[in-house]
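Worksheet: the structure to be examined is printed underneath.
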Amino acid sequence: MVVAGIDVGSKMAKVVIMDGDRNILSYVMARTGTDHGKTSEEVLNEALEKAGLKREDLEKIVATGFGKISVPFADDEVTQVIAAGKGAYFVRPSARTVIEVGAEESRAISLDENGNVKDFALADKCAAGAGSFVDAMIRYLEVTPEEFGQLALKATRAIPMNAQCVVFAESEVVSLLHSNVPKAEISRAIHDAIADRVIAIARRLDIRDDVLLIGGLANDIGFIESMKRELGKDVYVPEDYPPELVPAIGAALSAVQGVR
Amino acid sequence: MGVKVRPFECWDDFKKYRMEYYRNYLEAKENGSIRWAGSAWAFDPVPAGLGEDVYPLTGEPYGATAAFFRDFSMRALETIERKGAARDLCGYMRNYWGSVAMDKYLLADGAEIEPFPKPDFNFTIHICCTHAKWYHYAAELEGGVPTYAVDISVGPGYLLNDKKIEYVVRQLEDAIQWMEKVTGREYDDELLIRAVENEARSMTLWSKICKLNQNTPAPMEEKSMFSFYVMTLLRRSDEKIVKLYEKLYKEVESRVKRGIGALTQEQFRFVTDNPPPWPFLKVYRYLEENYGAVSVGSIYTFGLGAAWLGMDEKGENWIWEPAPTPEEAGYEIHDRRSALWWTAMFNLKYRASWQHEYSHWIRKQETYQMVKDWKADAIIMHLNRGCELWNMSTLEVRDYLVRNGVSVATYEGNMADPREFDEARTFNVIDSFMQSLGIEKLT
């Protein structure tokens, strides 16, 4: 039995091909672009090719992500919370709190010892605690995403960012740059601010060890350090797969369960 | 086999009353009658002593009706924001002010009338940061309307004593003298007594109707309850409201006996807490149609207009049992003072929605006990940006419920500002919640 899980996020589309024994046969990640249906078709075909399979080999396709309704060939859908929870338990069974920071949304999930979602909290209506915010700040600082994370580690002091909104935060960053504040300190301020907002969401839940960080921002070392500092706990990121792939893994697991 | 469902026989009677209510207020001056405006929590029986032709307009239900008609609401909100009102103020209040500022009055069917009918006086209460200021500013917008606000912040009902009741009674006595002065009318104590008795009867009847929803299948879903409960916030001291509730009580009782439910398939029961997002009641429809999920009530629909025993004497447990009427309590109302004493005591002690404003502990017990008594599988909480008072302690309540084994979902919105609701995200929250509980979509 072979299935596919596909996660169409606002920035990236991710697909995972999995067999009935829950082995990941291949995965692909690509920019979502403007035509979600076309992109999802392309990433699926690429993942099948990598696994040496054909479309007719797939028994079930389950979609998740904000663009899940734009996947015309999906047999079923699963919500982002459930997909992220299942995927998180797969990559780190000891995780009890999962924090996902995607391009436009962030969420926190509590898992029980069997990997079931016990509770969850979502950010609403605001991108200030999500990856798009970071993208905007990176543009202002004129650095690469990798440099942006590394810069924060070089900061010698913490300076607060007061703005609660991306629009105002951009203007605050510009002011700091004009005041000749080193980019390292601005980078740390931005990371701390995002960590603050994300942790505020997670605090609606009972934050328990261990905390697994997933989503695109989990690739950012500066953000991981800010999260550790603000939470006062260790924070883990998936070791064997990219952190943004986790919900697609969860969608594939849903497909396996559905077929069984 | 599915559950039998049937529309409410008294539905049209309730609808007719609501239509007449807004029209009566509009046309009052043509007949030399009196109209007053104020909070739905104001002491409604008190102005009733001015005559049988006294018509109120209560602000919160008006603000909710405006919110339901989204196009009107958007214009009202934008109008008042151009005058400087901040977006984080009470959503009902902003719709009301916007309506006054546009000089357009809305009837219950959405018809817009010009100009906005100016009240003879405003009569309100002061429990939250909004109510008294609401009418101070409304009076200014209307070019000057005499305004009287009663301070009722004396603490929760289980700690009530004679001194606290007396504090409110004296304000009501002063209010009567003030009303006589601003209207030029002589006050009739017999009308007050009747109104006070009617208030207690309509509020306890609504409690008894709410209790019937503890049955399975639930005879009422909350969308229908929104149309029923609001009568206690329009003019609960009116004998016609008592009659409407008597009729409804019999009908709901009969539905329970005959197994008539609110949904053809009830596979999930939940309660809510805050005012709903009035422009997006489709949240309830979505839950019903996709999951066979019925909302059997809320602190809002049960707490605003009904009278409950509330916290026990020790302040430890909440009791969802109807409060006594004067007759049941053996209390004789024979003059102005005894009438005012009863209405002050009755509202301060038994109005559920006033109790939890003093303590998150009360709100926790109230909510937890509701989940248990109405046999709810979960609570879906509206993080409502439109009301500071109702949103106070919501997240503490959420934590308490989760720790005590209650499944909780939250979504953000605004009871009366359509710009602050994200439909897709809310449905996503609902789907995630249901999937996490293992509730399948209906096929």
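Protein chains in written order, with UniProt numbering: chain B, 1 to 260; chain U, 1 to 443. Each residue gets a CB set at the ideal place from its N, CA and C atoms; glycine is no exception.
Notebook entry, point to check: What residues in the segment 412–429 of chain U bring their beta carbon closer than 7 Å to a beta carbon of chain B?
Noted result: Glu-412, Asp-422, Arg-425, Asn-428 and Val-429
Item to check | Exposure label - U:Glu-52; buried when at least 16 CB within 10 Å | outcome: exposed
Practice task
Mind listing, in chain order, the continuous alpha helix (DSSP H) runs of no fewer than 4 residues lying wholly within the segment 73–107 of chain B?
Solution key: 80–91
inquiry  = Would you call the segment 251–259 of chain B in contact with the segment 204–221 of chain B, where contact means no fewer than 3 C-beta pairs closer than 8 Å?
reply    = no
Backbone CA spacing between U:Phe-421 and U:Pro-45 [nearest angstrom]:
36 Å
With 16 other CB atoms within 10 Å as the buried threshold, where does U:Pro-119 fall? buried
* chain B beta carbons: is any one of them nearer than 7 Å to that of U:Val-402? -> yes
* Asked: So which residues of chain B does U:Leu-395 contact, with C-beta pairs closer than 7 Å?
  -> Arg-204
Residues that U:Gln-435 contacts on chain B, provided the C-beta gap is smaller than 9 Å: Val-78, Thr-79, Val-81, Ile-82 and Val-117
Report task. Taking only beta-carbon positions, decide if U:Ser-432 is within less than 7 Å of chain B. Result -> yes
**Prompt:** Under the three-state reduction of DSSP, which class applies to B:Asp-7: helix, strand or coil?
**Reply:** strand
(message) Between which residues of its own chain and U:Leu-212 is the CB-CB distance below 7 Å, once the five residues before and five after are set aside?
(response) Pro-219, Val-252, Glu-253 and Val-256
U:His-334: buried (16+ other C-beta within 10 angstroms of its C-beta) or exposed? exposed
**Asked** Can you find at least 3 beta carbon pairs, one from the segment 25–40 of chain U and one from the segment 317–336 of chain U, that sit closer than 8 Å?
**Response** no
| query | Which residues in the same chain as B:Ala-202 place their Cβ atom closer than 6 Å to its Cβ, once the five residues preceding and following it in sequence are excluded? | reply | Ile-99 and Ala-108
Kindly indicate which residue of U:Asp-399, U:Glu-266, U:Tyr-17 and U:Tyr-249 has the alpha-carbon position closest to the one of U:Thr-204.
U:Tyr-249
_Between B:Ser-179, B:Gln-150 and B:Glu-77, which has its C-alpha nearest B:Ala-4's C-alpha?_
B:Glu-77
Review point. Does the segment 6–21 of chain B come within contact of the segment 59–69 of chain B, defined as at least 3 CB pairs closer than 8 Å?
Key: yes
Q. Over what stretch of residues does the beta strand (DSSP E) that includes U:Ser-295 continue unbroken?
A. 293–298
* Asked: What do you get for B:Ala-13, buried or exposed, if any count of 16 or more other CB atoms within 10 angstroms of its CB means buried?
  -> buried
Notebook entry, point to check: What whole-angstrom Cβ distance do U:Thr-58 and U:Leu-192 have, given they're in contact under 8 Å?
Noted result: The pair is not a contact, with the Cβ atoms about 19 Å apart (cut-off 8 Å).
field: Runs of beta strand (DSSP E) wholly within the segment 371–410 of chain U (minimum 3 residues, chain order)
entry: 378–384
ask   = How big is the Cα-Cα spacing for U:Cys-387 and U:Met-415?
value = 8 Å
Quick one: give me the first and last residue of the alpha helix (DSSP H) that B:Phe-64 is part of. This sequence places Thr at residue 64 of chain B; Phe is not what is there. Counting along the chain, B:Thr-64 falls outside any alpha helix (DSSP H), though it belongs to the beta strand (DSSP E) covering 58–64.
- Query: For the alpha helix (DSSP H) that contains B:Gly-149, what are its first and last residues?
  - Reply: 145–153
task = Could you tell me whether the Cβ atoms of B:Met-1 and B:Val-259 are closer together than 7 Å?
result = yes
Tell me the residue span of the alpha helix (DSSP H) that contains B:Gly-197. First, the residue type needs correcting, since residue 197 of chain B is Arg and not Gly in the sequence shown. Element bounds for B:Arg-197: 183–202.
Exercise. Indicate whether U:Pro-47 and U:Phe-123 have their beta-carbon atoms separated by less than 7 Å.
Key: yes
Would you decide whether U:Asp-417 is buried or exposed? Buried here means 16 or more other CB atoms lie within 10 Å of its CB.
buried
Among residues of its own chain, excluding the 5 on either side of U:His-131, which ones have a beta-carbon nearer than 8 Å to its beta-carbon?
Ser-39, Trp-41, Thr-124, Ile-125 and Ala-149
Three or more C-beta pairs closer than 8 Å, one from the segment 91–106 of chain B and one from the segment 205–214 of chain B: is that the case here? yes
Can you pull the DSSP bridge partners for U:Asn-122?
U:Ala-37 and U:Thr-147
Discussion item. For B:His-178, count the other beta carbons within 10 Å of its own beta carbon; 16 or more makes it buried, fewer makes it exposed. Which is it?
Written reply: exposed
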